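Input: a single structure, listed below in structure tokens.
2 protein chains.
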Amino acid sequence: MSITSDVIRGHTEPIILSHLIEGDSYGYQINKEIMEKTNNLYELKEATLYSAFRRLEESGLILSYWGDENVGARRRYYAITDKGRKAYQEYKKDWENAKDIIDKLLNNREGSSNE
Amino acid sequence: MSITSDVIRGHTEPIILSHLIEGDSYGYQINKEIMEKTNNLYELKEATLYSAFRRLEESGLILSYWGDENVGARRRYYAITDKGRKAYQEYKKDWENAKDIIDKLLNNREGSSNE
DNA sequence: CGTAGATACCTCGCCTGTCAAGGTATATAT
DNA sequence: ATATATACCTTGACAGGCGAGGTATCTACG
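Order-wise, the sequence lines are chains G and E.
Note that the first sequence covers residues 125 to 239 in this note's numbering.
Note that the second sequence covers residues 125 to 239 in this note's numbering.
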């Protein structure tokens with residue numbers, strides 16, 4: 125039910141970027157927001173989340189800094205870069221494309237509306 | 125461009141099932157039809173295809189038999205089973221669901237049309 | 001006859017993203 | 001003290017996709 129690891133594969137990074145476009149945030153927060161947004165249908169696992177952060181930072185799509193909270197646990201904040209914004213737009217186009225392709229391949233005798 | 129391995133992951137099996145619903149077929153043919161259907165935007169790689177066949181047969185979603193061609197290379201035909209048809213319907217539902225979830229997570233400030 | 005290309009099948013081993021399981025530290029409440 | 005929530009992180013296993021390689025048949029060309 126909800127959504128499988130295989131189907132989510134490759135979407136973790138754009139999902140994170142999409143959240144960071146709305147403003148800097150940190151891991152725990154992003155994770156909670158995803159769960160809320162999907163009514164608990166999808167939960168990004170922590171290990172997945174943090175490995176995605178690492179990849180995103182290594183490729184320059186995000187950057188990170190420690191928050192200056194003086195109460196509670198420390199937070200590492202992430203911010204999206206210009207490169208990240210561009211990549212996000214690309215991702216979105218790719219996704220629209222991929223949806224069409226998969227729809228076409230999954231639904232026999234459909235999408236053949238114009239030929 | 126076109127579609128990445130990560131995004132296609134998990135869709136290979138339902139794509140094959142979708143083709144077999146229209147009638148028995150064999151690897152090479154299925155591969156060609158996929159390319160034609162997507163205008164060469166997506167090509168199922170042979171190694172991917174045959175490993176998917178194996179998984180599908182092992183789990184009883186398809187079965188195979190050798191064609192009785194007496195000219196040309198031999199063909200191994202595949203047929204979808206009842207279990208396969210059910211699995212395909214499940215896959216399609218899951219896919220509709222996954223699309224919604226990913227869309228929601230990818231597009232900020234959208235899909236919030238009714239709340 | 002050789003060799004090129006299309007048809008048709010298959011296997012091996014690498015790569016990469018996900019995730020279960022474990023760990024650390026701080027603050028609050030009982 | 002002990003539990004719970006917040007907040008971070010690492011390690012190693014697993015699985016699916018795929019590059020690279022292989023086999024065999026038939027046709028076409030020079």
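Even glycine gets a Cβ: it sits at the ideal position worked out from N, Cα and C.
On a predicted model such as this, the values are computed, not experimentally measured, just so you know.
Those residues which DSSP pairs with Tyr-201(E) across a bridge: Tyr-150(E) and Tyr-189(E)
Should the segment 218-232 of chain E be called in touch with the segment 153-167 of chain G, which here means at least 3 C-beta pairs below 8 Å? yes
Quick check: the segment 182-190 of chain G against the segment 176-196 of chain E, are there 3 or more CB pairs under 8 Å? no
So, is the C-beta of Ala-211(G) closer than 9 Å to a C-beta in chain E? no
Using only CA atoms, which one of Leu-144(E), Ala-171(E), Leu-230(E) and Tyr-150(E) lies nearest to Ser-129(E)? Ala-171(E)
Per-residue DSSP class, three states only, for Thr-172(G): helix
Three-state class that DSSP yields for Ser-126(G) in the structure shown: coil
Does the beta-carbon of Ala-203(G) have 16 or more other beta-carbons within 10 angstroms, so that it is buried, or is it exposed? exposed
Beta-carbon within less than 7 Å of Glu-157(E)'s beta-carbon, same chain only, minus the 5 sequence neighbours each way: which residues are those? His-143
Please compile the residues from chain G whose C-beta is within a distance smaller than 8 Å of the C-beta of Tyr-166(E). Ile-225 and Leu-229
Does the CB of Lys-216(G) have a neighbour CB from chain E at under 9 Å? yes
Run through DSSP, which three-state label would Asn-221(G) get? helix
Given a limit of 8 Å on CB to CB distance, which residues of the segment 146-172 of chain G reach chain E? Glu-146, Ile-158, Lys-161, Thr-162, Leu-165 and Tyr-166
Which residue comes first and which comes last in the alpha helix (DSSP H) that contains Thr-136(G)? 136-144
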